[in-house]
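Notes to accompany the following structure.
Protein chains: 2
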Amino acid sequence: MKEDQKIPNPVVRRLGLYYRCLNKLYDEGIEYVASKDIASRLGIKSSQIRKDLSYFGEFGKRGVGYNVENLIKKLETIIGVDKNWNVIIIGAGNIGSALVNYPGLKKEKFNIIGVFDADRSKVGKKIGKLTIQHISQLHEFAKKNIIEIAVIAVPENAAQMVTEELEKLGIKGIVNFAPVKLRTNIPVEEVDITLSFKTLAFKIGREGSR
Amino acid sequence: MKEDQKIPNPVVRRLGLYYRCLNKLYDEGIEYVASKDIASRLGIKSSQIRKDLSYFGEFGKRGVGYNVENLIKKLETIIGVDKNWNVIIIGAGNIGSALVNYPGLKKEKFNIIGVFDADRSKVGKKIGKLTIQHISQLHEFAKKNIIEIAVIAVPENAAQMVTEELEKLGIKGIVNFAPVKLRTNIPVEEVDITLSFKTLAFKIGREGSR
DNA sequence: CAATAATTGTGAACTTAGTCACAATTATTA
DNA sequence: TAATAATTGTGACTAAGTTCACAATTATTG
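Going down the list, the sequences are from chains A and B.
The numbering used here applies: residue 6 is where the first sequence begins, and numbers increase by one.
The numbering used here applies: residue 6 is where the second sequence begins, and numbers increase by one.
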C-alpha cells in the first residue's frame with residue numbers, strides 16, 4: 006500500500022463500480038470472489054482491480070480471493086458511504102424534482118433535506134415529502150441544518166452565483182448539473198447530460214468508419 | 006492533422022465543452038477567440054485545445070485565433086450535432102420523465118419521439134406532449150419511426166434485457182442511466198448519478214487530509 | 001517595409017494510467 | 001506432508017494523455 010497518496014480520479018470512480026458489483030455478489034449469496042470474477046462482470050482487467058485496491062490496503066487472501074462482506078465494509082469506509090450525507094437541491098425544475106424522488110440516492114445514504122428555487126410561483130409546492138422553499142430562505146435553513154452536499158440544478162446563468170452562495174454557507178461538495186464550469190475551491194462533480202448525448206452522437210458517427 | 010485515427014475519449018468529451026463555450030462567445034458577440042481565452046474559461050491549458058482540434062484539421066489563423074462562428078460550424082459537423090437525432094426513452098420513472106421535459110436536449114437537436122414503460126398502470130398517461138406506451142409496442146413503433154438513440158432509464162435488473170431488445174431494433178446508441186455495465190456492441194454512454202455522488206463523497210472525505 | 005507582438009500547429013518531453021508477469025501465499029488433493 | 005492449483009499484491013514495463021516549447025504565420029505599428 007502506498008501511504009498518504011493522491012488517488013487518481015479514474016481509481017475513485019472505479020471504487021464506486023466495485024462497491025456496486027460487490028453488493029450484487031453479496032445479494033447473490035457469494036462469500037468469496039476473485040478479482041478475475043469482478044473484472045469480467047465489469048469488463049475490465051483483474052490487475053486493474055488489484056492495483057486500485059492496493060492504494061488502500063491488502064484486502065484479499067492469496068489463492069482465495071476477497072471476502073465479499075468484508076470488502077464491502079472496507080469500500081464503504083474508503084468511499085465514505087458508511088455515513089449519511091445531508092443534501093440540498095437548488096433548482097426545482099425537471100432535474101431537481103427528479104432527484105428528490107429518485108430512490109437510488111436515499112438508498113445510498115444521500116438524504117435530501119431541502120429543495121430551493123428562485124421562482125416564487127414554485128415556492129410552497131411539494132415534491133415528494135419536501136416543500137419547495139425560496140432561495141432566500143437558504144441562509145436561515147443552513148443555520149438550523151447541517152448541509153454537506155448541494156446539487157446545482159439551476160439554469161446555466163444562475164449557477165455561478167449559487168455556487169458562491171453555497172461556498173459562503175460552508176457546503177462541502179457540489180454535484181453540478183448546469184452546463185458551466187464552476188469557479189470554486191469546493192470539490193465539484195459534473196453531471197452534464199447533454200454532453201453525454203453529444204459524446205454518444207460523435208461515437209455513432211464514427212461507428213461506420215472503424 | 007492525423008488522418009483516420011482513433012480519437013481518445015477525453016478529447017471527445019472536451020469537444021463538447023469547446024462547442025458549449027464557443028456558443029457562449031458567439032452570444033456575447035465575439036468574432037475571434039484565442040485558444041488561451043477558451044482555456045481560461047474552461048480551466049484547462051491552451052495547448053490542450055489546440056492539440057485536440059488538430060485531430061480534425063487546422064481551424065485557426067496564426068497570430069489571430071479562431072473565427073468563432075466558423076469553429077462552431079466545424080465542431081457541429083465533427084460532433085454530429087449538425088443534424089437532428091431521434092431519441093426514445095425506456096422507463097417513465099423519475100429520470101425518464103425528467104428527460105422528456107428537459108429543454109436542453111431539444112435545444113441540442115435531440116428530439117424525444119417516444120416514451121415506453123413496462124408498467125401498464127403508467128401506459129396512456131402523458132409526459133409533456135408524449136403519451137407513455139407499453140414496452141410491447143416498441144417493436145411496432147420502430148417500424149414506423151427511425152430511432153437512432155435510446156435512453157435506458159429502467160431499473161437495473163431490466164436494463165440488460167432492454168439493451169438486447171434495442172440491439173435487435175437496430176438502435177445506434179444508448180445513454181444508460183441504469184447502474185449496470187451493459188453487454189452490447191452498440192456505443193453506450195454511462196450517466197451514473199449515484200456514482201457521481203459517491204465520487205464526491207470520497208473527495209470530500211479527502212479534503213482535510215491534503 | 002521592417003520590426004514587433006500575438007497566436008497557431010505540432011513534434012518531443014514528460015506525466016499519468018493501465019497491464020504484465022511473477023514471487024508469495026493459501027487451500028486442496030493424493 | 002508434498003505436490004498442485006488458485007489467486008493476491010506489486011515492481012517493472014507499456015500505453016495513453018498532457019504539456020512544453022518553438023518554428024511558422026498573421027496582423028499591427030512606427
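Idealized CB from N, CA, C, for every residue including glycine.
Beta carbon of residue i nearer than 7 angstroms to that of residue j
{"i": "residue 91 (chain A)", "j": "residue 116 (chain A)", "result": "yes"}
{"i": "residue 160 (chain A)", "j": "residue 25 (chain B)", "result": "no"}
{"i": "residue 120 (chain A)", "j": "residue 156 (chain A)", "result": "no"}
{"i": "residue 202 (chain B)", "j": "residue 100 (chain B)", "result": "no"}
{"i": "residue 168 (chain B)", "j": "residue 136 (chain B)", "result": "no"}
{"i": "residue 105 (chain A)", "j": "residue 70 (chain A)", "result": "no"}
{"i": "residue 64 (chain A)", "j": "residue 79 (chain A)", "result": "yes"}
{"i": "residue 18 (chain B)", "j": "residue 204 (chain A)", "result": "yes"}
{"i": "residue 86 (chain A)", "j": "residue 27 (chain A)", "result": "no"}
{"i": "residue 207 (chain A)", "j": "residue 84 (chain B)", "result": "yes"}
Residue i to residue j span [Cα, whole Å]
{"i": "residue 144 (chain A)", "j": "residue 174 (chain A)", "result": "7 angstroms"}
{"i": "residue 15 (chain B)", "j": "residue 129 (chain A)", "result": "42 angstroms"}
{"i": "residue 209 (chain B)", "j": "residue 118 (chain A)", "result": "19 angstroms"}
{"i": "residue 194 (chain A)", "j": "residue 140 (chain A)", "result": "22 angstroms"}
{"i": "residue 54 (chain A)", "j": "residue 88 (chain B)", "result": "40 angstroms"}
{"i": "residue 98 (chain B)", "j": "residue 158 (chain B)", "result": "7 angstroms"}
{"i": "residue 109 (chain B)", "j": "residue 93 (chain B)", "result": "15 angstroms"}
{"i": "residue 191 (chain A)", "j": "residue 142 (chain B)", "result": "47 angstroms"}
{"i": "residue 82 (chain B)", "j": "residue 48 (chain A)", "result": "32 angstroms"}
{"i": "residue 164 (chain B)", "j": "residue 13 (chain B)", "result": "27 angstroms"}
{"i": "residue 187 (chain A)", "j": "residue 171 (chain A)", "result": "12 angstroms"}
{"i": "residue 146 (chain A)", "j": "residue 51 (chain B)", "result": "41 angstroms"}
{"i": "residue 162 (chain B)", "j": "residue 29 (chain A)", "result": "11 angstroms"}
{"i": "residue 33 (chain A)", "j": "residue 211 (chain B)", "result": "32 angstroms"}
{"i": "residue 35 (chain B)", "j": "residue 66 (chain B)", "result": "16 angstroms"}
{"i": "residue 76 (chain A)", "j": "residue 68 (chain A)", "result": "16 angstroms"}
{"i": "residue 200 (chain A)", "j": "residue 31 (chain A)", "result": "34 angstroms"}
{"i": "residue 107 (chain B)", "j": "residue 124 (chain A)", "result": "17 angstroms"}
{"i": "residue 138 (chain B)", "j": "residue 59 (chain A)", "result": "48 angstroms"}
{"i": "residue 166 (chain A)", "j": "residue 43 (chain B)", "result": "21 angstroms"}
Residue i burial status per 10 Å Cβ neighbour count (16 or more: buried)
{"i": "residue 197 (chain B)", "result": "buried"}
{"i": "residue 40 (chain A)", "result": "buried"}
{"i": "residue 46 (chain A)", "result": "buried"}
{"i": "residue 10 (chain B)", "result": "exposed"}
{"i": "residue 153 (chain A)", "result": "buried"}
{"i": "residue 177 (chain A)", "result": "buried"}
{"i": "residue 122 (chain B)", "result": "buried"}
{"i": "residue 57 (chain A)", "result": "buried"}
{"i": "residue 127 (chain B)", "result": "buried"}
{"i": "residue 102 (chain A)", "result": "buried"}
{"i": "residue 113 (chain B)", "result": "buried"}
{"i": "residue 62 (chain B)", "result": "exposed"}
{"i": "residue 21 (chain A)", "result": "buried"}
{"i": "residue 96 (chain A)", "result": "buried"}
Which of helix, strand or coil DSSP assigns to residue i
{"i": "residue 43 (chain A)", "result": "helix"}
{"i": "residue 76 (chain A)", "result": "helix"}
{"i": "residue 181 (chain A)", "result": "strand"}
{"i": "residue 136 (chain A)", "result": "strand"}
{"i": "residue 97 (chain A)", "result": "coil"}
{"i": "residue 173 (chain B)", "result": "helix"}
{"i": "residue 157 (chain A)", "result": "strand"}
{"i": "residue 111 (chain B)", "result": "helix"}
{"i": "residue 65 (chain A)", "result": "strand"}
{"i": "residue 16 (chain A)", "result": "helix"}
{"i": "residue 49 (chain A)", "result": "coil"}
{"i": "residue 131 (chain A)", "result": "strand"}
{"i": "residue 145 (chain A)", "result": "helix"}
{"i": "residue 24 (chain A)", "result": "helix"}
{"i": "residue 117 (chain B)", "result": "strand"}
{"i": "residue 167 (chain A)", "result": "helix"}
Chain B contact for residue i (CB, 7 angstroms cutoff)
{"i": "residue 206 (chain A)", "result": "yes"}
{"i": "residue 184 (chain A)", "result": "yes"}
{"i": "residue 107 (chain A)", "result": "yes"}
{"i": "residue 137 (chain A)", "result": "no"}
Min CB distance residue i to chain A below 7 angstroms
{"i": "residue 115 (chain B)", "result": "yes"}
{"i": "residue 84 (chain B)", "result": "yes"}
{"i": "residue 194 (chain B)", "result": "yes"}
{"i": "residue 199 (chain B)", "result": "yes"}
{"i": "residue 19 (chain B)", "result": "no"}
{"i": "residue 47 (chain B)", "result": "yes"}
Residue i Cβ short of 6 angstroms to the ligand GDP heavy atom set
{"i": "residue 173 (chain B)", "result": "The ligand GDP is not among the ligands present in this structure, which contains no ligands whatsoever."}
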